[in-house]
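Each protein sequence line maps, in turn, to chains S and Y. Mapped onto the UniProt record's numbering, the consecutive letters of the first sequence carry residue numbers 1 to 710. Mapped onto the UniProt record's numbering, the consecutive letters of the second sequence carry residue numbers 1 to 710. Glycine residues also receive a C-beta, built at the ideal position from the N, C-alpha and C atoms. All of these numbers come straight from a predicted model, not from anything done at the bench.
There are 2 protein chains.
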Amino acid sequence: GIGADNDLYINQAIVFIEDAIQYRSINHRVDSKSLWLYRWYYSRTCQWILSLTITVILALAFIEEPSSLTVTSDVRYRLPAWNPPCGLTESIELLCFLVFVVDVSVKSYLIGWKEFWKNKWLMAYILTLIVSLTDWIVSLSFFCKESVRIRRILRPFFLLQNSSMMKKTLKSINSTLPEMASVVLLLAVHLSLFTMFGMLLFARTKDNQQDKEWVVYFRNLPDSLTSLLVLLTTANNPDVMIPAYSKNRAYSIFFILFTVLGNLFLMNLLTAIIYNQFRGYLLKSVQSSLFRRRLGIRAAFEVLSSLKETPATAQQSCVSVGALLQVLQKVEMDSRCKQAIMRSLKMCSCDQLSAAQFQKLFEELDKDAIKQHPPSPEYQSHFVQKMQFAFGHPYFGYLGNVVALANIISICVVLVMDADKQPSERDDFFLGAINCFFILYYLLEMLLKILAMGLKRYLSYPSNTFDGLLTVILLILEIATFAVYGFPHPGWRPEFMGLLSLWDMVRLVNMLIVFRFLRIIPNMKFMALVVTTLLDLVKNLRAFAGILVVVFYAFAITGIMLFKGAVVPLGNTRNSEAEFPGTCTPFSIKKVVVLHFMEKNVISCYSAHFQAEVIYCLLSVLSVHLICRWAKIYFVAWWLISSVIWVNLFVALLLENFIHKWDRRCQRESLSDIEYQRTVELMFRDVLEEPTEEELMEKLHQHPHLQLCR
Amino acid sequence: GIGADNDLYINQAIVFIEDAIQYRSINHRVDSKSLWLYRWYYSRTCQWILSLTITVILALAFIEEPSSLTVTSDVRYRLPAWNPPCGLTESIELLCFLVFVVDVSVKSYLIGWKEFWKNKWLMAYILTLIVSLTDWIVSLSFFCKESVRIRRILRPFFLLQNSSMMKKTLKSINSTLPEMASVVLLLAVHLSLFTMFGMLLFARTKDNQQDKEWVVYFRNLPDSLTSLLVLLTTANNPDVMIPAYSKNRAYSIFFILFTVLGNLFLMNLLTAIIYNQFRGYLLKSVQSSLFRRRLGIRAAFEVLSSLKETPATAQQSCVSVGALLQVLQKVEMDSRCKQAIMRSLKMCSCDQLSAAQFQKLFEELDKDAIKQHPPSPEYQSHFVQKMQFAFGHPYFGYLGNVVALANIISICVVLVMDADKQPSERDDFFLGAINCFFILYYLLEMLLKILAMGLKRYLSYPSNTFDGLLTVILLILEIATFAVYGFPHPGWRPEFMGLLSLWDMVRLVNMLIVFRFLRIIPNMKFMALVVTTLLDLVKNLRAFAGILVVVFYAFAITGIMLFKGAVVPLGNTRNSEAEFPGTCTPFSIKKVVVLHFMEKNVISCYSAHFQAEVIYCLLSVLSVHLICRWAKIYFVAWWLISSVIWVNLFVALLLENFIHKWDRRCQRESLSDIEYQRTVELMFRDVLEEPTEEELMEKLHQHPHLQLCR
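The structure is reproduced here in structure tokens:
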């Protein structure tokens, strides 16, 4: 009937507007039941459950069998890690898989059969689930004793497929690959030519004294390749050329040429290529988001205009204000935006809205909330008014900064004086006293500021919130210290008295004060720019960070599988130095310990990032002990992906962000009082192109499920 | 008289046009004698003498007293270096100074008294000369026994002031300094906060077993600062966190946070800032060059138009074709350009040239020489024509590449097989035979190509010239080998027979073949782009390289003066291991040897560039041996300037170059057959703005010496 039809249209409009708000695609089923399922699937609870499931399945690696989530990482001292019984992690895994199965079925159903076959991500999702479940069954049938678990390496895929930003970024990286491959190929040619050249140059001679270079670095092809590859990471930089350089200074030309060509030219060329590819990346992605939003709004307009109650005006389709109000009440959106739209809808005198008016109403969504700080309280007393003026003045803030600086300096002085003293000789009276004094000052400052500004206005500034929170924590810690040890007096030594180490607590207090010092940064103009760029970057970087996590996870799991039991003897003996009779230096042992971390622990693998050095040491350890030729390939791949490509991607994004920000800063020097724009969408607003009517309508007519009347 | 006046005008026009060609400023004296002096000063001989003088005075450091230009750099084996007698280097220096005095006087006279006071570079030049001469007198009066020689540090200034490109680049770097300073300040804040935090975190505890981190890296404020500063260079990356990490894994968070913030964010921000500053740098510099050229041409027009023979047409000033021809004959310029201008002048039917026509004539200067290869010879014989077709075909070139690849692979195979063999076991027959075969092929290829293309056309391709040259060298070496050892036969071992080591010669032959392999690069499309970018970069980089040389030279000389005699005992004893009883590992000795290189030799200082590692090892050596606190400051400054700032400048320039090139490549995909444009001026041609008539005339009226009639 007409009523049911109208209800369907209203529901469709609600969903389309929600799609527009969340920048989602509108290409999903639009019948009543599917709409209900769609809203349920994208409800906060469902999405939260999905995220939790992904987190849980990724976190499983920390408690599964070869993990070592122990406090110390030193293999000589640490206790055996807790091993969960067979079936525990497996049942958690099964639960996660079931959630994923539901997820993939709902997703597939919602986009429809025809679209499903075009969507490679969904197919890969299903394939991953099938492989994981098969592997899970195999695992259980072996009673968890099987050695290879493929499903672990596949886990990060669940994280990847759940984020559209990450998928987009990956696509962008993918399109850069051919050019990157060219440079990597060039790098390989460079490396192999220089390897041959080096082998010819540093060949074995009759005089054994003279061919140290050959013995250590150029003994055979794999050795020479490794030496030069490590030189490319600059990790063995002077060492590799020392023997040759001792023999004849001219040999250094070979190494300098190699470093300049490889490191300075080719490596930086990689940066240039990646930056060049990513130059338009942010803009393009924001542009496509804008298109999705406009499309969603337009789709809502179209379905609302086909409501039966609308008078069939001949030419232009339009939407009644009443229907829109009805829709708006049911849409889930930011309450500020909703109110603003309602307000302008009421102010609009007309009864019918054209497409342009409809679109214009929703432009409120694109606008930044201009942050208005609540007003200061108005006091009656003249004295309090004067105090309010004094403590609300910026100079009072500056005084606070000076005090924070003084605090830092005094801690520094105490540190320098106490650095070499034994803990028993140390007198903590001075440190205790200055802590006490400064914390009292901070407390007073906070109270006076609250008096002057009112609590609401005080909290509306993030810097004040940060200050206040730190002050409260400091106060609590200080009171706890006093409760246990009494007030500081000469000869005060907290650590010898309490049950828990309150000396640690005093140190903690001081560390927090160090952080408090950071509040002076926004007062410096250029530093503020730099810091806001960095903060913006962190927001835009989530997709990249996600991909990084995926890569790290895959590498860590592969590493665990590859090097399982490779250095076990070291872990079992207390006197580990006995293991390396020939090459026994504390140095090499340390490096094997690092290798051991790498092998056994996921976190330490994370921490090993940005460390060409680690790769070097591992390579050197590996080349000495000849654990496995695959290990070398593993570490070279790791270096290429994590260190070279990812760092360059990061640099490209940073350049892109900073340069946009900088250009904009120069334009709006005068508007600096307004809170800086926070989202990427807003940063690009004046460059974005609005999609045309024709583009929108063409896209709408291509919708697989929506049949527009006209 | 009128004749003399006319001569003067003609001479002025000649000089102005030469200024325009060389992109020189026209603000110099314009009377007859000065013009003669000016042309003499900028003549090739004079400029060549000046360059030679600068080279000589810079090269003096290699033979002066603390230098060590010996073959081996190992202090244990090397002989004492030759010490020139007192007065030898000093008299060469005096000669150089005299040349500089002449240079500065001519320059000052030519720009005139009023301009001289505005020119800070000239004043600094005079000041440098006065200081150097004073120091020279002091040096001689001490009979070369004085310890500090200021004039050595001042020497690179002579290189700097002679290049306008370098002065311009320096100005550009100078304008980036405030922003760089902000980031360096932020870096310093970062470093000091983390140092304090680290000292609080890794304080001394009661348990001596547990505070290894404190003992090694955080003992006191300078130690902690050094540890973290070195961590910023990533040189001590895993080592510094191992003791703390062994105690508790959570400590790694501190180091990861420090590295991510410092290394990934702040260091790359420095790249972004420098790139942002240099984004317009190339364009701006090319734009100002264009302005200078147009100004010179316009000035020539103006002086020629005031020639008395010109009929005084009321409104427009113009120049007679005859006068211009007279000027052109005397101007020193590229003969191709001169002929082109003459030709179009003759084709022009009119007798008088307006300013616009005059300017248009000289646009020939901006045009690239479209390289036309000479035609292939035409043979009569049908058979030779067929051969010409076959061997002139690109496929023949590809076959050559395949053969070169096969050659590389065969050398590689021989290298892998012979790698571990003793020289006495080695059989060089195979290597000799393949060398012989491949060199014959290369010779045949060269001859056939010359037959097909003719010698002139063959040599007009740079890749062919490269090939031909290598082939000839290979042939000579091969014939020399055969002459001494006879033809290769099984059991052929060249190195045991001859007087000079011809085994070295065989190796040399193979190395040259490795280089020959490079000719396949232009056949790969993207690689060709990359390589041409790199070649272009090298051209644009001369100014940067010059500044780098200046910085290196100053640092090397300062280092020599600072560390004079600091590690002498090591150099004097044969058994150097005895010098380090406590910390005696081969590692630390090697590092001190590196320090020794640094101290004594300018070249090794050059080679030490790009080596955060070197700085680290030096810092560690210094902190152990406590040579001097100043040394730390010296090395930190060195790291900041050479590694951080210079490398970032380089990256900025590379990005700028590459992105322009890339944009242009996409535009002219179709025109790829034409030789790529070589100069920066041409790269930017379609972006450059022509200066307007008013700008030019305003600038001309500001000329300090030229009085225009109107």
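The shortest CA-to-CA distance from L122/S to any of V131/S, I130/S and S108/S is the one to S108/S. For S227/Y, the secondary structure class from DSSP, reduced to helix, strand or coil, is helix. With respect to chain S, the C-beta atom of V416/Y has a partner C-beta closer than 7 Å. Collapsing the DSSP output to three states places V636/S in a helix. Closer than 7 Å at the C-beta level to chain Y, one finds these residues of the stretch 528 to 556 of chain S: V530 and L534. At a cut-off of 3 residues, not a single continuous stretch assigned as beta strand (DSSP E) sits fully inside the stretch 360 to 439 of chain S. Within the stretch 266 to 278 of chain Y, contact with chain S at the beta-carbon level (separation under 7 Å) is assigned to N268, L269, T271, A272, Y275 and N276. Taking 4 residues as the shortest admissible run, the stretch 456 to 480 of chain S contains no complete alpha helix (DSSP H) segment at all.
For chain Y, the residues of the stretch 195 to 227 of chain S that bring a beta carbon within less than 8 Å of one of its beta carbons are M196, F197, M199, L200, L201, A203, R204, T205, K206, R219, N220 and L221, in chain order.
Using beta-carbon distances, W113/S does not count as an interface residue toward chain Y, since no partner is under 7 Å. For K120/S, the enclosing alpha helix (DSSP H) covers residues K120 to S141. Beta-bridge analysis with DSSP links L353/Y to V319/Y. From the listed residues P375/S, V102/S, V321/S and K338/S, the smallest Cα separation to S349/S is found for V321/S. Flagged as an interface residue toward chain S: N510/Y, by a C-beta distance shorter than 7 Å.
A Cβ-Cβ contact shorter than 7 Å links L443/S with T471/S. Shown here, T55/Y sits in a helix according to DSSP, grouped into three states. The beta carbon of L655/Y sits closer than 8 Å to those of Y275, all from its chain and outside the five residues before and after it, given in chain order.
Interface with chain S (7 Å Cβ-Cβ cutoff): W638/Y is excluded.
Residues F16, I17, A20, F358, Q359 and F362 of the same chain have their beta carbon placed closer than 8 Å to that of I297/S, with the five preceding and five following residues left out of the count. I57/S and P84/S have their C-alpha atoms some 15 Å from each other. For F383/S and H190/Y, the gap between their C-alpha atoms comes out near 42 Å. Within the same chain, A404 and I408 come within 6 Å of F517/S by CB-CB distance, once the 5 residues on both sides are set aside. At a cut-off of 7 Å, the C-beta of I513/Y has no neighbouring C-beta in chain S. The three-state secondary structure of P243/Y, taken from DSSP, is helix.
Shown here, P178/S sits in a helix according to DSSP, grouped into three states. In summary, the residues of the stretch 647 to 664 of chain Y whose CB is separated from some CB of chain S by less than 7 Å are F650, V651, L654, L655, F658, I659 and W662, in the order they occur in the chain. Below the 7 Å Cβ cutoff, chain S contributes M196 as neighbours of I411/Y, in chain order.
With contact defined as three or more Cβ pairs closer than 8 Å, the stretch 332 to 347 of chain S and the stretch 266 to 281 of chain S are not in contact.
The beta-carbon separation of I173/Y and A554/Y, rounded to 15 Å, does not stay under the 8 Å limit for a contact. At a cut-off of 7 Å between beta-carbon atoms, L405/Y makes no contact with chain S. If you draw a straight line from the Cα of L60/Y to the Cα of T134/Y, it comes to about 18 Å. Boundaries of the alpha helix (DSSP H) harbouring N268/S: M267 to F278, taken from the DSSP string. F291/Y: member of the alpha helix (DSSP H) spanning Y281 to S305, first to last residue. I26/Y carries a coil assignment under DSSP once its states are collapsed to helix, strand and coil. Contact note: L231/S does not reach chain Y at a C-beta cutoff of 8 Å; the least C-beta distance is about 10 Å. By the neighbour-count criterion, in which a residue is buried when 16 or more other Cβ atoms sit within 10 angstroms of its Cβ, V538/Y is exposed.
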